[in-house]
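Residue numbers (the working numbering), protein chains in the order written: chain A, 20 to 787; chain B, 4 to 143.
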């Protein structure tokens, strides 16, 4: 066969490639800015289905695993050995491994099998077996399993609080806001690493100001991170990276043993910590040994398990662009979260790095963790605009707060966040900045001006903030280290600065390290400073009606959004009337009679029009609606009469009643919300001459043209119908409010009451 | 042992349910760590540390909820609780790949055992030395 044919257009002319309009539109879609690559299993550029992954196997002799996944103990690399000796329970391994992978997947999915029963099996599984198990599962099955296997019953969330300028004032204010919005862990990192002590203090102060008990951390090189933790400036640690191949582990300057030692070091200071890993890091670092991303990630998960660390941040994390680019990559990311939970680790499940240009795609990437719930749904929701996010962005940022809250409310799924009114947000931001000002002043660190505090209260990001004296800040940061300042010094500074409650909250967090309760799996602190972990809040999901379901106060909190129309008073949320300043008075003059003039149009209004209601759904004043209808009729030399239909809130009935009373047989019906119809006496009630069903699109011009057309029908003409308009977004915005308005209108119906004649008085509002 | 009355499932969190079982390395009770005491200078950073005994209680809780690895971690931590920060950092750095010879790691293990009764930590370091040798990640 010859070479593939060159692409040509449909006319066969290779020169001028004419593009379809639709293709161009698709080309311009944000999703096409994302990078996609073909699989290349030989180098590990494959998500979870590689012919080069080992087959599961295990052999135990005298309580020691001597063969694992086709490899003899003498050939174990250091991860194999660590996993075999520390992560896998050799006592149950052969029995557990004898189960078919699909059988184990059934145990995971079936809600009637308890979490504990799954753990009894999973403790004996090798990396290749765990991989084989999740390979039998589709994403819905994985979500079912994750909902059961998550360690803590109540889901939580973590935010990033960073600044492109490492501005501590910004970090404090954003930390306070994030805490207020519901995040229970906050993480920061730096552009200039030397800023760390100052920014870590700001994070701590902001967090405790926003809501007590929020745990904070500062992502740094391992040894420095530990030092800040030991001093009580941070409360936990997370960026303790582990990798799935020996080479990449060494490139990260660690081994499973050094990491296990580090895990104990944190515990020995009473400091919570978790490891970090994620699919794609090995291929990103160029040494995947030809294994799939997920196989290597399962090894990381088992290293964390073997080290005895309570949890793991995984879900690809900073490498998300790699699995995101290959087929089934996001399924693999969900699978790694599931495996972490399946081996009983706390799972902080990613969603913390910029993932896609497409809003649809980044939501699709989020839902598999949000819907089943994980210990931390985002291991770093950006609490600052993504341009300020020094972790290179997140899948979500403050611009998504309202979307997140709405999705929670739509699906009644607890994403651990809440809507907070602006006044409360401003107050928390301002107070956090002032608290930090007090602490810095007390400790003799670089001063914070009132101007900075004012700016940060209202700012969205660092672009709206005054520049700080960076050299002074860095000097201050150095002095924090040189003087050996600790969390207790921050406590004292807060108290001296006039923030005793924040001081108390921070002392409460520091006190936790004495008891060590926070060291247990999936531990968080409640705002009352009580530990909630997998020990005292174990996930008890066991099928429909069980497990964590938002209810009571939490569900009421989730129902609140920025704009919710009041059911009792639907007009309350409306914007100030954009009307012309006219007022309407409608006086009932007794029963409406049939008209005798052939040149008349009768306008029928609904029961609450110009009465209980004074505006349409889009706040067009009823005075102006009626004025335009009447003017439209009258400018055609036709007489108009207005009646009110009391017996029905059905537009067809109202319009047909008007038509039957009209001397010409032509009537117009209009509802309070603005829906309008031109009817004719001889037509069936459910037919009409012209219908304008989309109340939100009804403006003054349209009402004028409706009046005009009604008059022309009355004169026996055949006018061109008023062009109908279409807005496909009218429903999402207005449909529910329209339903409320209709229900309210219907409350004013007087069954059996006949239509009444109205005297219409439209006046300019008197403006002194 | 008075502490044998620990009921892991009901006593957790210890700070809320069994505060009397916990003390700071300087012998203070949890409820003595108050704001006033901090302001009076009666609480120092040394008071905000966990003791080996408390870590061993937490290890028992971890065991009782089926988390043996976590419990082992807590028991290693108990051995390290009294180790100075610099010592902890020094051993951590020595365990990094190609950072130490086998002899250096052996010395650290001996020291841990001899000076700090840290037998579990010593075992971890010796195990590392063996694996590092076999996999060629010792110094030199």
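A virtual CB, placed ideally from N, CA and C, is assigned to each residue, including glycine. Please read these numbers as outputs of a predicted model, since none were measured by experiment.
Using only the alpha-carbon positions, how far apart do residue 267/A and residue 305/A sit? 8 Å
Exposure label - residue 632/A; buried when at least 16 CB within 10 Å: buried
Contact residues within the segment 12 to 35 of chain B, judged by C-beta distance below 7 Å to chain A: 15, 16, 17, 18, 19, 25, 27 and 33
Do you know how far the Cα of residue 521/A is from the Cα of residue 513/A? 7 Å
Within 10 angstroms of its Cβ, does residue 59/A collect 16 or more other Cβ (buried), or is it exposed? Counting Cβ neighbours within 10 Å, residue 59/A comes out exposed, since fewer than 16 surround it.
Could you name the residues of chain B that residue 280/A contacts, counting a contact when the two beta carbons are closer than 7 Å? 94, 95, 98 and 127
Answer with buried or exposed for residue 608/A, where buried requires no fewer than 16 other C-beta atoms within 10 angstroms of its C-beta. exposed
Buried or exposed, going by whether 16 or more other CB atoms sit within 10 Å of the CB of residue 284/A? buried
Considering only their Cβ atoms, is the gap separating residue 243/A from residue 222/A smaller than 9 Å? No, these two residues do not count as a Cβ contact at 9 Å.
Please compile the residues from chain B whose C-beta is within a distance smaller than 8 Å of the C-beta of residue 145/A. Chain order gives no chain B residues near residue 145/A, where near means a beta carbon separation below 8 Å; the closest approach is about 16 Å.
Residue 254/A - DSSP class collapsed to helix/strand/coil: In the structure shown, residue 254/A sits in coil (DSSP, three-state: anything other than H, G, I, E or B).
List, from N- to C-terminal side, the beta strand (DSSP E) runs of 3 residues or more that fit wholly inside the segment 575 to 660 of chain A. 601 to 610 and 619 to 624
Within 9 Å, strictly: CB atoms of residue 124/A and residue 155/A: yes
Tell me the rounded alpha-carbon separation between residue 32/B and residue 431/A. 43 Å
Under 8 Å by beta carbon: chain A residues contacting residue 157/B: Residue 157/B is absent from the structure shown; chain B starts at 4 and stops at 143.
The segment 331 to 347 of chain A / the segment 294 to 313 of chain A touching (three or more Cβ pairs under 8 Å): yes
Give a yes or no on whether the C-beta atoms belonging to residue 680/A and residue 770/A are separated by under 9 Å. Contact annotation: residue 680/A and residue 770/A have beta-carbon atoms that are not nearer than 9 Å.
If you drop the 5 nearest sequence neighbours on each side, which residues of the same chain put their C-beta closer than 6 Å to that of residue 459/A? 467, listed in sequence order.
My assumption, with CB atoms under 8 Å, is that residue 316/A sits in contact with residue 263/A. Please give the rounded CB distance. For a cut-off of 8 Å, the C-beta gap from residue 316/A to residue 263/A is around 6 Å, short enough to register as a contact.
Using 9 Å as the limit for Cβ to Cβ distance, is residue 148/A near chain D? Among the protein chains in the structure shown, which are A and B, there is no chain D.
Please list, in chain order, the chain B residues whose beta carbon lies closer than 7 Å to that of residue 277/A. 95, 98 and 99
Assign residue 40/A to buried or exposed, taking buried as 16 or more other Cβ atoms, counted over all protein chains shown, within 10 Å of its Cβ. exposed
Proximal residues to residue 191/A (C-beta, below 6 Å), its chain only, five neighbours per side dropped: 221, 224, 225, 451, 452 and 455
So is residue 396/A buried or exposed if we call it buried at 16+ other beta carbons inside 10 Å? buried
Entirely enclosed alpha helix (DSSP H) segments - the segment 63 to 137 of chain B, minimum 4 residues: 71 to 83, 88 to 97 and 105 to 119
If you drop the 5 nearest sequence neighbours on each side, which residues of the same chain put their C-beta closer than 8 Å to that of residue 13/B? 20
Any C-beta of chain A under 9 Å from that of residue 4/B: Bear in mind that the predicted position of residue 4/B carries a pLDDT of just 41, short of 50, making it unreliable; the figure below should be weighed with that in mind. It does not: the Cβ of residue 4/B has no partner Cβ on chain A nearer than 9 Å.
Would residue 531/A pass as an interface residue toward chain B - the criterion being a Cβ-Cβ separation below 9 Å? It does: the Cβ of residue 531/A has a partner Cβ on chain B nearer than 9 Å.
Spatial neighbours of residue 49/B within its chain, please: C-beta separation below 8 Å, excluding the five flanking residues on both sides. Excluding positions up to five away in sequence, the list reads 27, 28 and 29.
Going by the CB atoms, is the gap between residue 165/A and residue 357/A shorter than 9 Å? yes
For residue 22/B, which residues of its own chain have a beta-carbon under 8 Å away from its beta-carbon, when the five flanking residues on both sides are left out? Cβ neighbours of residue 22/B beyond the five flanking positions: 32, 33 and 34.
Inter-stretch contact at 8 Å, needing at least 3 Cβ pairs: the segment 39 to 49 of chain B / the segment 505 to 512 of chain A: yes
Leaving aside the five residues before and after residue 313/A along the sequence, list all residues of the same chain whose C-beta is less than 7 Å from its C-beta, in chain order. 66, 67, 150, 298, 351, 354 and 355
Can you give me the Cβ contacts of residue 256/A inside the same chain, cut-off strictly under 8 Å, excluding the 5 residues immediately before and after it? 236, 244, 245, 248, 285, 290, 291, 292 and 293
Is there at least one Cβ from chain A nearer than 9 Å to residue 10/B's Cβ? no
I think residue 511/A touches residue 461/A, with their Cβ atoms under 8 Å apart; what is that distance to the nearest whole Å? 7 Å
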